[in-house]
Every structure is written in structure tokens, then in C-alpha cells.
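If you're matching positions, the sequence shown starts at 6 in this note's numbering and goes up one per residue. Every residue, glycine too, gets a C-beta built ideally from N, C-alpha and C. Note sheet for the following structure.
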Amino acid sequence: MILNLFTLIEIIFIYLFKCVLCDDIFGCGGFVKSNFDINYSRVEIKLYTKHGSLKYHTDCAPHNGYYLIPLYDKGDYILKIEPPAGWSFEPSSVSLHVDGTSDPCSLNQDINFVFKGFTVTGQVLSRDGKNGPAGINLVLKNSNLEIQNETLSGNDGYYSFPKLLPGKYTIEASHKVWIFDEQKEVIHVTNDNLKTENKIVIAGYDVLGFVYSDGEPIQGVHFLLFSKTKINNPVNCSMDRVKGFSQKYSIPYVCYVTSSEDGKFTFPSLPPGTYKLVPFYKGEHIEFDVSPPEMDFMVTKDSLKIEDNFQVQGFSVSGWIGTGPNGKSLSDVEVYINGQVHGKSDINGIYHLENMRAGIYILELKKPYMYFESVEMKINPNTPKLPNIFVSKFSVCGQLIIDEFPVGLEKSDRSISVKSIKDHILVPVASDGTFCCSTFPGKYELEPVVSEIENSFGLKFSPEKYSLQVTDEPVLNVEFKQFRAEVRGKVKCIEDCIDLVLDLAPLSHDRPHLAATVMSDGTFEFDKCLPGNYILTVVKDDWCFQSKTLKFTITDKDILNLELLQIGFQASVTLTHASSFKVKYPSGEFHNIELQKSRNVLCLPEKGIYNFIPIGCHLYKKDSFKFDTNNPVEINLTPTKHLVTGNILTELNVTDIKVFVKRQSSGSEEVISLQEPLDKKKDYFRYTFSVFVPPMSQLELRVSSKQLLFRPARATIKVEDDCLENAVEIIGKKGLFLNGSVTPPLGGVSIKVLVKKTHELYTETITDDTGKFLVGPLEDESDYIVNADVDGYVFKPLDNLGNFLAFKLAEIVVEVTNEDGSPLPGVLLSLSGGTDYRKNSVTQKNGRLSFSGLGPGQYFLRPMLKEFSFDPSSKMIDIKEGTQVNIKIRGKRVAYSLYGTVTSLTGEAEVGIAVEALGVAGSTCSQYQEEAISEQGGAFRIRGLQPQCEYMLHLKPGMDVNQHIERATPKEIKLKVTQGDITGVRLIVFRYYGQMDVSGNVLTSQEYLQTLKVRLYREDAPDQIVHSISLGQSSFFYLPSMPIDNRTYVLQLESSLSTNAYFFEQPSVTFCANTSFYHFTFSFSPRMKSVEQEVTQGSVLALPLAIISLLLAYNYSKLLPLLSHIFYLFTTIANPAKSQSAVESVSSENINVRRKTR
6 MILNLFTLIE IIFIYLFKCV LCDDIFGCGG FVKSNFDINY SRVEIKLYTK HGSLKYHTDC
66 APHNGYYLIP LYDKGDYILK IEPPAGWSFE PSSVSLHVDG TSDPCSLNQD INFVFKGFTV
126 TGQVLSRDGK NGPAGINLVL KNSNLEIQNE TLSGNDGYYS FPKLLPGKYT IEASHKVWIF
186 DEQKEVIHVT NDNLKTENKI VIAGYDVLGF VYSDGEPIQG VHFLLFSKTK INNPVNCSMD
246 RVKGFSQKYS IPYVCYVTSS EDGKFTFPSL PPGTYKLVPF YKGEHIEFDV SPPEMDFMVT
306 KDSLKIEDNF QVQGFSVSGW IGTGPNGKSL SDVEVYINGQ VHGKSDINGI YHLENMRAGI
366 YILELKKPYM YFESVEMKIN PNTPKLPNIF VSKFSVCGQL IIDEFPVGLE KSDRSISVKS
426 IKDHILVPVA SDGTFCCSTF PGKYELEPVV SEIENSFGLK FSPEKYSLQV TDEPVLNVEF
486 KQFRAEVRGK VKCIEDCIDL VLDLAPLSHD RPHLAATVMS DGTFEFDKCL PGNYILTVVK
546 DDWCFQSKTL KFTITDKDIL NLELLQIGFQ ASVTLTHASS FKVKYPSGEF HNIELQKSRN
606 VLCLPEKGIY NFIPIGCHLY KKDSFKFDTN NPVEINLTPT KHLVTGNILT ELNVTDIKVF
666 VKRQSSGSEE VISLQEPLDK KKDYFRYTFS VFVPPMSQLE LRVSSKQLLF RPARATIKVE
726 DDCLENAVEI IGKKGLFLNG SVTPPLGGVS IKVLVKKTHE LYTETITDDT GKFLVGPLED
786 ESDYIVNADV DGYVFKPLDN LGNFLAFKLA EIVVEVTNED GSPLPGVLLS LSGGTDYRKN
846 SVTQKNGRLS FSGLGPGQYF LRPMLKEFSF DPSSKMIDIK EGTQVNIKIR GKRVAYSLYG
906 TVTSLTGEAE VGIAVEALGV AGSTCSQYQE EAISEQGGAF RIRGLQPQCE YMLHLKPGMD
966 VNQHIERATP KEIKLKVTQG DITGVRLIVF RYYGQMDVSG NVLTSQEYLQ TLKVRLYRED
1026 APDQIVHSIS LGQSSFFYLP SMPIDNRTYV LQLESSLSTN AYFFEQPSVT FCANTSFYHF
1086 TFSFSPRMKS VEQEVTQGSV LALPLAIISL LLAYNYSKLL PLLSHIFYLF TTIANPAKSQ
1146 SAVESVSSEN INVRRKTR
């Protein structure tokens, strides 16, 4: 018997484990789990807001890792585990959206963190013993040399391997380029994190560069290395002396390498240090200069690529480009050699080829809308002046505009016929209608090519031909447009043809419809119609016409004589079910009509109001429906409910039958009482019931009576979309009753009767004060299982008739009081231990809470309530079988709350506003932060404010909160917490206006204002202009209002001044539309270009200027700081005031504005 008792206790414990919280609380809990022993007390669980503010933290129960964190507010949180550094858990954090219904915390589901292992850290070093590089591949292998993990070293060579269990491991390092002095290290992980001995060392790092001549790689250039850093046996670097090299340096010579076919040279492995690199290149008869002549560099802890390539020097030549021997000079012509740009002509047509080597070259020239023949030239240092080059052809370009392609005609590639005296060509037209061809100077005639089939479909262009003459520049403005016709006619209406619309539909689905509104005199007109077949339709469903459509054909003339005639009024009734209606006419007569399912169109003979009265088993929203010919509205009728009837047959004539009708869609239940039978059917009394239900519903029927059992016990009726008669039949028979008891007598015990075969709940009740109960009626042919249950007891059945023996379990009674001894309600008590037992509940108004139904074992108790500390803060309790343990806990108030409201200016409550109390900056309380969300009525409560601290109360900032609120007044409130709660605080908030205004002004001379425009673009659609404003005579501008949509916009100042005559910048500003107003100031200061050149003076000064430029380039590293200092002194003297940007902006949030000029 005792063994059975403990078996039942174990079953109760398992049940309690599944039903963790008997009392619903607001909190997050779970376990920290590990497959081997760890010190749970070193692990903390912390709850943060999504903005990173700490809301609560706790440690874990030392014996099983259980934790619980109480919550007082709904919202978004992040639950994080914070173990000792290097200990790994999964997950490391959990994002929570606490809504009180569907999240793990509200559902009392465990949130567990599983321990995964320790961390090994180490560092890869360079040969000099200092920090190593990032990017070293490190492989971790176990004692069986199986790969467990891989990683790359980070900054300074540090690396780590997390989630390692105790054992022996080997770390192996590798790199695709670098060479190691020591490549492996063996480690042993025991019971904590491990730091390696840093035995992995890199010998050196590769250094590479390139040498070119005119873009071509140069092979055979020697690169000599000098350094104070001693290198023993350098890898792939010759230590021999270079023949012909005679320069002397103060630092030791190390070795040299030679460039390969691709111009590349490499030092494979150099330890960290400073080096000097000297290039040396000598041909068979001449030694070329290599620039730069020497280079200093430093090797640290990474590969080094010398960014500045070494160059073998060459010579320069010049030439002229024009439209002909006596033509004008051409500027901006690009000169290509071997596919690369080597020069560009200036305003005088002169181009220069720099750093050339002797040889024969093929020159290719390119300029938009002009064409040149390739030129072969022999270039050497003795021919600095090259032969003249002339244009061969010019472009002729234009556009072919087709507004609407004829339906039925297959689209094909279009072309333009171009004829001259000597030639005739066809030029293809692009998909956007543009065309372009190259022509020699002369006279030409252009004509769109139209086939006979296209012509028969009405495809024509204007003009048919276009004549032009090409002289010394391209022609880019040729244009051909498509021809279309007009359609006119008249509508004869019974009344005025007001707001009558006609639809013109081409008899091809590929062409769009045209619409026209009939004029007051009945006339109508369509323009831009392509030739073809059409159908004209009246768009007036509430009128009847002799014919609502007319068909006609457009060939090569306008259509001017169409006519339509109205004959009556039209009504439309759409039904989902066929129904009968009694219709009352405006004259008072009644007519019965049968309307079919779907749409019924009626032509009504009288003008006025008709009344449609439905007849049948369907219920509609109204008893009748009106139709007015003066205000025609289509009648759409769908039944809201259908009639459903059923029968109940009973063995007895009873008066207490109740039919429970539950609608699954709404969950509501209707009770129908039946007191008298309708008639008698053989040996049964027949009762009937009826109910109206919505279509496509499902009903659950349950019938009850004190003396009868009904079969089926439950019936389901699926109501499709129509009425149902005699939908169900239920039989009622006499039932049996069961008497039971609990010994010793115990009231309030829950008695549940289950069907033995299915274990489904059949019925339930509770015992009275004497421990007795009565259930029934029951089926006489079924077997049942009877269970008893109440907190603090376990029950043993004595028989199958519902008699039980009760045994009491152990209990812990906790009493929590304030400092003054008064009860402290609302304290969250978390109890865990025993056989996987845990429960979280809050104390009642008397400050007491009882944990009953406990088995023997050790339990861990922790009290929690924000703003309170407790003595003791936690307690381990040993429980024996059937005993009661009383625990007293004293609470102390250590923090306080702030109570307030958030309203609009009119006093209306604002719900969902995030408010924040932040410790005053610079004070000892600056690290504190608490927040809350206003709830129903605009009220909020901020908990946990520390005494003797000052806080600033304001709206919580951030892009994801208070997005609809612009500001609050007061903006912030300074509050000091003493020894009590703060109440009566009110914040008034203002919502965003929703529109933004942009204004500005331009600082410039009056003569330039008419050339200026201000244009607004969206940053994600720079080709679409939002607004464009010309300044005219005023320097001030104001854009139309814009929506505050948080998009990014660009405001651009543009000028129509010629760039050939002026130097100027066109400033712009980028801003975000997230505030109500912006104001910008632009500066526009153009400078006129010089149009004269002193040719003689330029020729005389060319040689000395070239020599000075070479000297400056050779010594740029020494002269650059001096020139920068001189420039700074000059700008300081010329403009002592602080320089300003070309664009200044003033707004409420100028941090969202970016400025630039172009």
C-alpha cells in the first residue's frame, strides 16, 4: 500500500512539472543545463530592453540551475546569459515580445540555456617576438588528429577556439604565402579556459611590386635590397653583387631580385623591419632612368604590395585634329593607342602623347557623333610634330514617334531610308524610336520605311520626307510623327444627357479603350484614333437604349455621323440564391417575380421608387429593399441566415429538455428549451427545434435532461449555403446514477468521470462537506474510470464505484512581511527542487503563500519583488514526508515608483507612449535608467527609482518608438526621489503635422538669377524630377509642401550658363524628409573663362616650365610640405574669416543634411 502511495505521489509530481505555474504570473524562467558539473552560481541571467537598458538580473539556483525573472510590463526584451568569460552557452540570448498571451513567458514555457564548453585563446607571433598578423589559418585537432574546428587569427595575431570539452588537442597553423619558424602547438584542456604558450611563430612576410614602361611590363629590372635588419639565408633572393651597379649606401646590402615577364618582383620572406629598395635597369647600349630611383619601406606584420609602380621613362610628341585642311579645330577628341587613351585634344585641336618610345603606332580617335579613320604613324624622338588628322564622317540622328501601334499588325524592326546623290542606305530605328547614322558631308533626303501591309493598316508619318545638308557638324534634330483621325456623333436622350460617358473600343484587345463625355446638346468627340474597326458603347448601366453599341470602321477619313437613342431605365438585382419577391410598383400595384441565382437585369416601365419584399426560408439584413430610378443602385442580396430544423425522440414525456446549439465560428452558445412534444412517433415522443444560422457554418448540438441520456451525445450539422429541414435526429433514453465518497470525509475534492475506452472526460463534480458525491445519468452499457484530485492530497481508489481513501502530502507555508510587520502581498516566490518540481506564485493580501503537494527532498526558495530587498534573499529547505514547514521572510523597500499620465493638448489620453527616467548626467546616479509604456487612460508607472537620486523624465528617444510623436511639453522634467513614490506627473505630447515645407535663397549677382533653377529629386530615383522652380528676378524660392515620408531627397541648384564661357559649381544638398521645415542657402559665383592665348609667349616659356615641372616631380616628397604651408599662409592672408561651405542649411534636425557641389 505504501509503494502504491509513492507511485501516486510520483505521478502527481510529474503532473505538477507539466503544469508549472498553478497561479498565473508574469515572468520568464527556465534552467541553465550542463552534461557535467559546473558552478551554476557563477552564471547570471539578465533581462534587457531592446535598447540595451538592464531591467533585472538574477543568479541561478546552485543545485539545479533554475532561474526566474519577474516582469511588470509588456514589451520587447532580450534575455541574455552572462557566464564567466569563455564559457559557451546556446543560445546566448533570446529575443522576447511579451504580449501577455502567446510568448514563452506568458505561456510559462521554459527558456533553457545549454552549456557547450570552455575557450582556448592564443596568439601567433612574428619572429621579433612582437604581435603577429591577422589571417593565419589555424586548425584544431583532437588526440586522434581529427579536425574539430578551424579559425583565422584576428588583430595582432590573437585567436580563440570556443566550446571545447576537456582533453588533449593540437593547433596547426598555415598560410598560403608566409613561412613559419614554428607551426604547431600541443595543449591540454582540463576544467576551465586555457591560454596557450604562443609557440607558433612566423619567419617573415612577402613584399612585391611591379615595373612598367608605357603600361607595358618590363622584364629584367634588378631590385637591390638594403637594410640594418640581419637576414640569414634569404629565400629566393640572390646575395651576389649586381654587375654594373656602383652606387654606395650607408646601410648594408642584403640581396636582389629581378622582375619577371609580367613586370613583377617579389621578396618571399622578410622579417619585420625597415628597408631601402633601389631599382637598376641597363640595356645593351643605354641605361634608362627608372622612377623613383629609390624607395624606403617598412615590413610590419602583413604582406606588403608597393602601391607606386616603378616606371621606365620615355619621350613626348604632339599633333593637330580638325574638320578639314581649312576647317576648324576640334577639342575633346580622345586619342587611343592599343585600346587605351594616350591623349586628348584641347580647345585648339592640339593633342600630346607622353612617354612614348620609338616605333610605328596605329592611332584611333574618338569623339561623340564624329568618326575618324585609323592613322598609322612612325614615332621617334626626332619627330615630335605629327601629321594633321581630319574628321571622316558626321552623325545624322533623330526620332521616329509612334504613339499607338495598329492592332493586328505584327511589330517589326523599323528603318529610315537615307538617300544622297551617290548613295542610298537604310538606317535601323532603336526600340525607343531613335535612329542615328554616319554620313560624309553633303545633301540627304530621309524617309521612314513603311511596307504596303503597314500602309493598309493605317500606319503613316508626318512629314513623309525630310531634307538636310551636312557640312562640318552633326545633325541631331530629325523627327517623324504618326498620323491619327477624329470620331464625332450625337446621343438622343429622354432626359438631359448629363454625365453620360461613351466608351470607344478598338476591335483588338491589344489597343486601349477611349472615353468621352457627352456634351449638354448630346454631341461627343474622340480624337487621335488609329484607322481600323471600332465599337462604340454607352457607359450607363441604369438606362435602356435601343442599341447600346455601334460598330464602324476608320479608313482614311474622320467619322462624323454616329447616333444613339435611349428607350428606358434599367435595374440590376444580384442574388446568391434563387428567391421569390413581391414587388410594389410606384403606381401601388404588386407583382410577384421569380429571380434566379446570379445577376438579374430588369427594364422597369415606370419612373419612381420600387419596393422588393423577399419571401422564403432565408433571412436578409432587411425585410424589404428599395430601388429608385432617379438614384439607381444595384441591389446585391446575400442571405445572412438559413433556417435549420431537427427532431428529438424520447422514451419519456419530459418538460426539461434543453438543446445547446454552439456556433463554431463565433463560439457563442444558444439554449432552446423544449417543454411539450409535437406528437408521438411509434414508441417515442417527438420534439422539434429550429434555428436560423449564417451560411457556411458548423453547429454543435448537445441535448440534456435530468432523467435522459441522448445519443448521439453530440451532433454536428454542417450548414452549407441553403436551408436544412430535419437536419438531425437525436434519441433520448433513461440513464443510470453513481454514488461515491472520500474517506476520511473531505469536501471540495474534484471528481472526474472518464470513458474507459477513450479516456475522454464524460462529466465532473466536487464532493460535499461529508465527502460524498453523485454523478449521472450514465450509459448503462459503458465502463467508466473515476478520478479524485485536490491540492495537498493523493487518493487511492477502494473500488470501481467511486470510493477513495485520501492521504495528505507535505507543505511549505511562507509568510512575507514589511519592516513594520504588516503583510506584504504581490511578492513572487519561486520554489524549485525535489523530483523536478518548481512553482512560481505570488503572495496574497495576507502576505502568505502555501506550496502544497510536496514530496520529500531539498528545495530552493527565492522571493522577488521589484523595489524590495528580502531577508533572507534565498533559502534551502529540507522537506520530509507529510510535514509542514513554516518560513518567515522580511521585505524592505529600497526603491520607489513614478506615477503619471500622458495626454494630448486637449486632454485626451495617449496610449502606447514610451517614457524614460534617466539619471542626471554627471551625478552619482547617471548610470540608472528606467522606462515604461503608457496604458489605458494614458497612465504609466516607472518602477525602481533609487532614493536620493535625481532623474530627468522625458519621451524615450529612438527611431522605433514614438514615431508618430513630434515633441512633448515640457520637453523634460527634473525629479528627485526621496523616501516615497512620486505622483501626479503629466506630459503633454504633440503628434507630427504630416507635411514638410522647404524654402531657400541664393547668394549671387542679379545678372545670373534668370539662368538659375532649383530642382528636387528623390535619391533613389535621380532621373525623376519632383519639383522644379526658376528663380527669375527673386533670389528666394519656396517649394510646394511635401509629405513627411522619411525618404532621402536631393535639392540641386542648376545654371544654364555655358560651360565653355564660365567656370562655376552647381551645389546640391541631401536631406531626409523627417521634420516639418527646412531652409537652405546656396552660393553661386561663376567666373568667365579667358578667350585669348599668347602663342609666342607660350612657346618661349614651354621649355623652362617643362624643366621646372620635372624637377618638382623628382623632389615632390621634399617640396610638398613647403608648398602646403605657403598655400595655407596665402589663404589666411586673403580670407582671414572662417571659410564657409557653398551650401548652408538651417532646420530643426540639420544632422540629416549632407552637402556637396559639382
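Could you give the first and the last residue of the continuous beta strand (DSSP E) run that contains residue i?
| i | result |
| --- | --- |
| Ser-909 | Element bounds for Ser-909: n/a, residue is neither H nor E. |
| Ser-1073 | 1072-1077 |
| Glu-765 | No beta strand (DSSP E) contains Glu-765, which DSSP labels as neither H nor E. |
| Cys-402 | 398-406 |
| Gly-105 | Note, Gly-105: premise wrong, no beta strand (DSSP E); not H, not E. |
| Val-240 | Careful: Val-240 lies outside any beta strand (DSSP E) and carries neither H nor E. |
| Lys-306 | No beta strand (DSSP E) holds Lys-306; DSSP gives it neither H nor E. |
| Pro-392 | No beta strand (DSSP E) contains Pro-392, which DSSP labels as neither H nor E. |
| Gly-209 | 206-218 |
| Asn-808 | 808-813 |
Spatial neighbours of residue i within its chain, please: CB distance less than 6 Å, with the 5 preceding and 5 following residues excluded, ordered by chain position.
| i | result |
| --- | --- |
| Val-1003 | Leu-1044 and Tyr-1083 |
| Asp-498 | Here the sequence assigns Cys to residue 498, which means Asp is not the residue at that position. Cβ within range, chain order: Gln-571. |
| Thr-1009 | Phe-1089 |
| Val-696 | Val-649 and Val-666 |
| Lys-371 | Glu-339 |
| Phe-995 | Glu-971 and Arg-972 |
Would you mind working out which of the options sits nearest residue i, comparing C-alpha positions?
| i | options | result |
| --- | --- | --- |
| Cys-442 | Leu-52, Val-818, Phe-399 and Ile-499 | Phe-399 |
| Lys-880 | Val-907, Thr-906 and Gly-838 | Gly-838 |
| Asp-773 | Phe-856, Phe-586 and Asn-744 | Asn-744 |
| Glu-151 | Gly-140, Thr-175 and Val-475 | Thr-175 |
| Ser-425 | Val-226, Lys-448 and Ile-406 | Lys-448 |
| Pro-868 | Ser-835, Glu-312, Gly-348 and Ser-939 | Ser-835 |
| His-764 | Ile-141, Asn-238 and Val-791 | Val-791 |
| Trp-548 | Ala-576, Lys-556 and Tyr-539 | Ala-576 |
| Phe-1069 | Arg-1092, Phe-1076 and Ser-1081 | Arg-1092 |
| Glu-734 | Glu-921, Tyr-692 and Leu-59 | Tyr-692 |
| Phe-529 | Ile-559, Ala-510, Glu-491 and Lys-562 | Glu-491 |
| Ser-552 | Val-544, Pro-511 and Ile-559 | Val-544 |
| Val-659 | Lys-646, Val-346, Asp-684 and Arg-668 | Asp-684 |
What does a CB cutoff of less than 7 Å around residue i pick up in its chain, not counting 5 residues either side in sequence?
| i | result |
| --- | --- |
| Tyr-789 | Val-758, Leu-759, Val-760, Lys-761, Tyr-767 and Leu-783 |
| Tyr-366 | Ile-342, Met-382 and Ile-384 |
| Thr-634 | Phe-574, Leu-609, Lys-612 and Gly-613 |
| Asp-418 | Pro-433 |
Following the continuous alpha helix (DSSP H) through residue i, name the residue where it begins and the one where it ends.
| i | result |
| --- | --- |
| Ser-461 | 457-461 |
If you run the structure through DSSP and keep just helix, strand and coil, what is residue i?
| i | result |
| --- | --- |
| Leu-1014 | helix |
| Arg-47 | helix |
| Gln-863 | strand |
| Gly-91 | coil |
| Asn-343 | coil |
| Asn-40 | coil |
| Gly-613 | coil |
| Gln-1177 | Limits of the chain in this structure are 6 at one end and 1163 at the other, which puts residue 1177 out of reach. |
| Cys-608 | strand |
Within its chain, find whatever has a CB closer than 8 Å to the CB of residue i; leave out the 5 residues flanking it on each side and keep chain order.
| i | result |
| --- | --- |
| Tyr-689 | Leu-654, Thr-655, Glu-656 and Ile-736 |
| Gly-527 | Lys-495, Val-496, Lys-497, Cys-498 and Cys-502 |
Count the C-beta pairs between the region 867-874 and the region 891-902 that are closer than 8 Å, then say yes if the count reaches three, no if not. yes
When you compare the region 806-820 with the region 854-861, are there three or more beta-carbon pairs, one atom per stretch, that lie closer than 8 Å? yes
Touching by the beta-carbon criterion (3+ pairs, under 8 Å), the region 272-279 and the region 196-214: With a cut-off of 8 Å, the region 196-214 and the region 272-279 count as touching, because enough Cβ pairs lie within range.
Can you confirm whether the region 65-75 touches the region 40-55 when touching is taken to mean that 3 or more C-beta pairs between the two stretches lie within less than 8 Å? yes
Taking contact to mean at least 3 C-beta pairs separated by less than 8 Å, is the region 211-225 in contact with the region 252-264? Verdict: yes, contact present.
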